[in-house]
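**Q**
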Amino acid sequence: MLCGALSADANAWIDQSGSDVDIHPLPPLLHNRPERIAPEVERLISELRDDYDEIVIGYADCGSYGAIDEMCERLGVRRLAGQHCYDIYAGSDEMAAMWADQPGTYVLTDFLVLSFDRVIWRELGLDRHPELRDDYFRNYTRVVWLAGRHTPDMERAAERAAERLGLPLEIVDAPGRLGPALGNLMYNSPQN
Numbered sequence: 028m029l030c031g032a033l034s035a036d037a038n039a040w041i042d043q044s045g046s047d048v049d050i051h052p053l054p055p056l057l058h059n060r061p062e063r064i065a066p067e068v069e070r071l072i073s074e075l076r077d078d079y080d081e082i083v084i085g086y087a088d089c090g091s092y093g094a095i096d097e098m099c100e101r102l103g104v105r106r107l108a109g110q111h112c113y114d115i116y117a118g119s120d121e122m123a124a125m126w127a128d129q130p131g132t133y134v135l136t137d138f139l140v141l142s143f144d145r146v147i148w149r150e151l152g153l154d155r156h157p158e159l160r161d162d163y164f165r166n167y168t169r170v171v172w173l174a175g176r177h178t179p180d181m182e183r184a185a186e187r188a189a190e191r192l193g194l195p196l197e198i199v200d201a202p203g204r205l206g207p208a209l210g211n212l213m214y215n216s217p218q219n
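Numbering (the working numbering), first residue to last: 28 to 219.
(1) Counting Cβ pairs closer than 8 Å, one from the region 168-184 and one from the region 89-103, do we hit at least three?
(2) Label S44 either buried or exposed according to how many other C-beta atoms from any shown protein chain fall within 10 Å of its C-beta, with 16 as the threshold for buried.
(3) Which residues bound the beta strand (DSSP E) around Y133?
(4) Starting from L173, trace the alpha helix (DSSP H) both ways and give me its first and last residue.
(5) Rounded to a whole number of angstroms, what is the C-alpha to C-alpha distance between P62 and P195?
(6) DSSP state of L29, grouped into three classes?
(7) If the criterion is Cβ atoms closer than 8 Å, does the pair L173 and Y163 meet it?
(8) Given a cut-off of 8 Å, decide if C89 and H51 are closer than it, judged by their beta-carbon atoms.
(9) What are the partner residues of P52, as DSSP defines its beta bridges?
(10) So, does the CB of I64 fall closer than 8 Å to a CB anywhere in chain C?
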């Protein structure tokens, strides 16, 4: 199972690698309430446990402050390494350096670029109260798009998102790391 924000990339990797894997995504909007992620993952594990020899978790810590790790330890399952999906897409050292360079970095993945209006703009209430944008994003200095699928259409969508936030856009090409991370999680030693 994994975060729905990762499912398109995970399915692409499954198709390419020929892996015999079932994906059970959970809603990406759980990230707006990270304290709900571990209980939802545990609920889905209990539903699926009898149907599979092994279940792995396609979540990093995701703001759960260790709750996902505690649940994984208790249930004997493994998760993706990292503090958040940005570590998976760009690498944890690269993300640490990016934030050390500019702590006010707002990061978008392909999923967030494609779903910006729904997941960010509307969820923050900016469709109803656009005057809150500057309050929400005052301390940000840039938007970094971790481009997994760098196409002209995706670049235009990332530019529109950054423009709506009133921030400059930087593009970091970050293709292809999720698949190997999932493969390592499923077929190799534990990553936690």
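Using N, Cα and C, we set each Cβ at its ideal position, and we do this for glycine too.
Everything numeric in this text was worked out from a predicted model, so none of it was measured.
**A** Taking the structure as given:
(1) no
(2) exposed
(3) 132-135
(4) From DSSP, L173 is part of no alpha helix (DSSP H) but of the beta strand (DSSP E) over 169-174.
(5) The question names Pro, yet the displayed sequence has Glu at residue 62. So the two alpha carbons sit approximately 31 Å from each other.
(6) strand
(7) no
(8) no
(9) L29
(10) This model lacks chain C altogether, as it is built from one protein chain only.
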